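> Residue numbers 1 to 456, in the working numbering, belong to the letters of the sequence shown in order.
In this text, a Cβ means the ideal position worked out from N, Cα and C, and glycines have one as well.
Being a predicted model, the structure only gives us computed values, none of them experimental.
Please see the structure below; I have some questions.
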Amino acid sequence: MSTNSLLVTGRRVLLPDLDRPTAATIVIDETSGKISEIRHQYEPNGSASSCRHIDAGDKLVLPGLVDAHVHLNEPGRTEWEGFWTGTRAAVSGGVTTVVDMPLNSIPPTTTVEHLQIKRDTAKGQCWSDVAFWGGVIPGNQESLKPLVAAGVKGFKCFLIESGVEEFPCVNESDLHGHMKELQGERTTLLFHAELETASESPAENGSNTAYATFLNSRPQELETNAIALITRLQESYPSLRCHIVHLSAASALPLIRAAKAKGLQLTVETCFHYLCLSSDDIPNGHPEFKCCPPVRDRNNRDLIWQALLDGVIDCVVSDHSPCVTELKKLDTGDIMGAWGGINSLGLGLSLLWTEGRKHGVSLAQIIRWTCVKTAEHAGLSASKGQLKVGYDGDFVIWDSEEQFKVRAALLAFKNKLSAYEGMTLFGVVQQTYLRGQLVYDKYSGFDGLAPLGVLL
Numbered sequence: 001m002s003t004n005s006l007l008v009t010g011r012r013v014l015l016p017d018l019d020r021p022t023a024a025t026i027v028i029d030e031t032s033g034k035i036s037e038i039r040h041q042y043e044p045n046g047s048a049s050s051c052r053h054i055d056a057g058d059k060l061v062l063p064g065l066v067d068a069h070v071h072l073n074e075p076g077r078t079e080w081e082g083f084w085t086g087t088r089a090a091v092s093g094g095v096t097t098v099v100d101m102p103l104n105s106i107p108p109t110t111t112v113e114h115l116q117i118k119r120d121t122a123k124g125q126c127w128s129d130v131a132f133w134g135g136v137i138p139g140n141q142e143s144l145k146p147l148v149a150a151g152v153k154g155f156k157c158f159l160i161e162s163g164v165e166e167f168p169c170v171n172e173s174d175l176h177g178h179m180k181e182l183q184g185e186r187t188t189l190l191f192h193a194e195l196e197t198a199s200e201s202p203a204e205n206g207s208n209t210a211y212a213t214f215l216n217s218r219p220q221e222l223e224t225n226a227i228a229l230i231t232r233l234q235e236s237y238p239s240l241r242c243h244i245v246h247l248s249a250a251s252a253l254p255l256i257r258a259a260k261a262k263g264l265q266l267t268v269e270t271c272f273h274y275l276c277l278s279s280d281d282i283p284n285g286h287p288e289f290k291c292c293p294p295v296r297d298r299n300n301r302d303l304i305w306q307a308l309l310d311g312v313i314d315c316v317v318s319d320h321s322p323c324v325t326e327l328k329k330l331d332t333g334d335i336m337g338a339w340g341g342i343n344s345l346g347l348g349l350s351l352l353w354t355e356g357r358k359h360g361v362s363l364a365q366i367i368r369w370t371c372v373k374t375a376e377h378a379g380l381s382a383s384k385g386q387l388k389v390g391y392d393g394d395f396v397i398w399d400s401e402e403q404f405k406v407r408a409a410l411l412a413f414k415n416k417l418s419a420y421e422g423m424t425l426f427g428v429v430q431q432t433y434l435r436g437q438l439v440y441d442k443y444s445g446f447d448g449l450a451p452l453g454v455l456l
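Shown next, in the form of structure tokens:
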């Protein structure tokens, strides 16, 4: 062991492939920031006086989370969110890697030139590591392979209008061209899976302030329509992995199970809000609960939980999609006219732990859904998501029993509006480390620290 090492020890360290935390000491090489050794014992006094030493005691030591669905919106809509504030929110909640979505920034990440603009903007601003998804829009097929070569982790498309004019949706004809271009590449195609058909016109009758009006306007059929199309297309392009983002409709689960049983390369995520909120509890006139697809009823939520526990759903992400407060139309309560998106970056670990305990979920399962599987999904599994030799020394010291009430003053993201405000959650991050370096401390926040994140 080099004297230029950091020793992290504790009685409750969550190592890979274990169902519960165990006593362990993690050795991180401070030059590379990589984990160089793991010893299966608690070493409160350290083994070399020349090494830095962190003793977590009875607090939990967890791998840094990987949030594979985040809208950072910079450049172009930096008043909504930005690299500086978004990545601060991430590390305050134990997220050490985020993957930025290609839309809501201007320009969107649909060409190599646009990717470079985003990278140049992000330099020096990131408190967590940041990777990038590219975008699929009509007519950008020729940009896809160059974007893969430039490092994007995959591509996002919409089968319904995205809400921003610079990122139009694609149709089945478009998709054949894009999927043909991507087939054989080491990448994945992500779908916002809502699709209206000519024979369907979702109802929008009712008050613009009633949550039921919005819910009826985005029925589960939109998701089943889209997933039926996606799995049919996969039969023609079997080498291309496809991924369903933010699944909310339990009625689509039989289609997903059938596709996986056939051996199709299909993965699926859901979000904290579909697991922790219910339309039964959403009051009228509160657009902070609006997102697309919508939060559905309690029975639907239970079915989504069961699919996650069964492995039909692979991972859990935030889909942090903020906007300026004015666009949420809080003054009028106009949910139909409000921007759709729920702000939650940095709250996910506590949300899942609080709600998951009602379902008998272990911390190891939560880490699998928010670290291991999200890293795999984003092509980062060789270095992120586990406390393992050769991996980046990204870790979190966490108190699973400490409680806190979600208040605007505690939120580190830019527009401090959240559907979770007022909720009491279990689990508080004490410290977050990126490659062995402190990037967040519960007591001092970011005082005296620097943004050490890199662009992946």
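Using CA atoms only, rank isn't needed, just tell me which of I244, M179, K290 is closest to S217.
Taking only the C-alpha atoms, the option nearest S217 is K290.
> Using CA atoms only, rank isn't needed, just tell me which of F395, W339, P16 is closest to P63.
Residue F395 is the option with its Cα nearest to P63.
> Go ahead and pull the three-state DSSP assignment for L410.
DSSP places L410 in helix when its eight states are reduced to three.
> Go through the segment 50-130 residue by residue and report every complete run of the alpha helix (DSSP H) that reaches 4 residues or more, in order.
Whole alpha helix (DSSP H) segments, 4+ residues: 83-92, 112-122.
> Tell whether a beta-carbon distance below 8 Å holds between T121 and V152.
No. Outside cutoff.
> What residue range is occupied by the uninterrupted alpha helix (DSSP H) comprising G10?
Not the alpha helix (DSSP H): G10 falls in the beta strand (DSSP E), residues 5-13.
> Could you check the C-alpha separation between S50 and A131 for me, to the nearest Å?
If I take the Cα positions, the gap works out to 35 Å.
> By DSSP, does E235 sit in helix, in strand, or in coil?
DSSP places E235 in helix when its eight states are reduced to three.
> Count the other CB atoms within 10 Å of the CB of D129; is the residue buried (16 or more) or exposed (fewer)?
The residue is buried, with at least 16 neighbouring Cβ atoms inside 10 Å.
> Would you identify the three-state DSSP class for A210, choosing helix, strand or coil?
Coil.
> Excluding the 5 residues flanking V389 on each side, which residues of the same chain have their C-beta closer than 7 Å to its C-beta?
Closer than 7 Å at the Cβ level, and outside the excluded window around V389, lie I35, S36, E37, I38.
> Which residues does DSSP list as the beta-bridge partners of Q437?
Note: Q437 sits in a beta bridge opposite L434.
> Classify G177 as helix, strand or coil using the three-state DSSP reduction.
Correct three-state label for G177: helix.
> Return the first residue and the last residue of the beta strand (DSSP E) that C276 is part of.
Element bounds for C276: not the beta strand (DSSP E) but the alpha helix (DSSP H), 272-276.
> CB-CB under 6 Å to I54, same chain, minus the five flanking residues each way: which ones, in chain order?
The residues are V8.
> Tell me the rounded alpha-carbon separation between A210 and L438.
If you take the alpha carbons of A210 and L438, they lie about 45 Å apart.
> In the DSSP assignment, the alpha helix (DSSP H) including W369 goes from what residue to what residue?
That residue, W369, is in no alpha helix (DSSP H); it is neither H nor E in DSSP.
> For G57 and V361, what's the separation of their Cα atoms in angstroms?
Taking the straight line joining both Cα atoms gives about 24 Å.
> Take E221 as the anchor and find which of L380, A150, R296, G154 has the nearest alpha-carbon.
It is R296 whose Cα lies nearest to the Cα of E221.
> Report the partner residues of T22 according to the DSSP bridge assignment.
Note: T22 sits in a beta bridge opposite V13.
> Is the Cβ-Cβ distance between T188 and R257 less than 8 Å?
No, the Cβ-Cβ distance between T188 and R257 is not below 8 Å.
> Could you spell out where the alpha helix (DSSP H) holding R298 opens and where it closes?
Note, R298: alpha helix (DSSP H), 298-310.
> Apart from the five residues just before and just after K405, which ones in its own chain have a Cβ nearer than 6 Å to its Cβ?
Hits under 6 Å: T424.
> What residue from E81, L387, L309 has the CA that sits closest to A366's CA?
Note on residue identity: the sequence assigns Ile, not Ala, to residue 366. Closest by alpha carbon: L309.
> For the alpha helix (DSSP H) containing K145, name the first residue and the last one.
Note, K145: alpha helix (DSSP H), 144-150.
> Per DSSP, F132 is paired with what?
Beta-bridge pairing links F132 to D100.
> By the three-class DSSP mapping on this structure, what secondary structure does W339 have?
DSSP places W339 in coil when its eight states are reduced to three.
> Please name the residue in V112, L345, C126 whose C-alpha comes closest to that of S143.
Cα-wise, what sits closest to S143 is V112.
> Using beta-carbon positions only, say whether I313 and E355 come within less than 8 Å of one another.
In this structure, E355 does not lie closer than 8 Å to I313 by Cβ.
> How long is the line joining the alpha carbons of W80 and L351, rounded to whole angstroms?
When rounded, the distance between both Cα atoms is 23 Å.
> Once the 5 residues before and after K59 are set aside, which same chain residues still bring their CB inside 8 Å of it?
If we look at K59 and ignore the five residues flanking it on each side, its Cβ neighbours are G10, R12, I397, W398, D399, Q430.
> Along the chain, where does the beta strand (DSSP E) that runs through T480 open and close?
In this structure the chain extends from 1 to 456, so residue 480 is not present and cannot be described.
> Using 8 Å as the cut-off, can you tell me whether the segment 279-287 makes contact with the segment 325-343, which would need three or more C-beta pairs spanning the two stretches below that distance?
Output reads yes: the segment 325-343 touches the segment 279-287.
> Along the alpha helix (DSSP H) that carries R257, what are the first and last residues, could you check?
Segment 253-261, the alpha helix (DSSP H) holding R257.
> In this structure, what does DSSP give as the bridge partners for Q403?
F426, per the DSSP bridge assignment.
> Using a Cβ distance threshold of 8 Å, determine whether the segment 319-327 contacts the segment 375-392, with at least three qualifying pairs required.
Touching, no.
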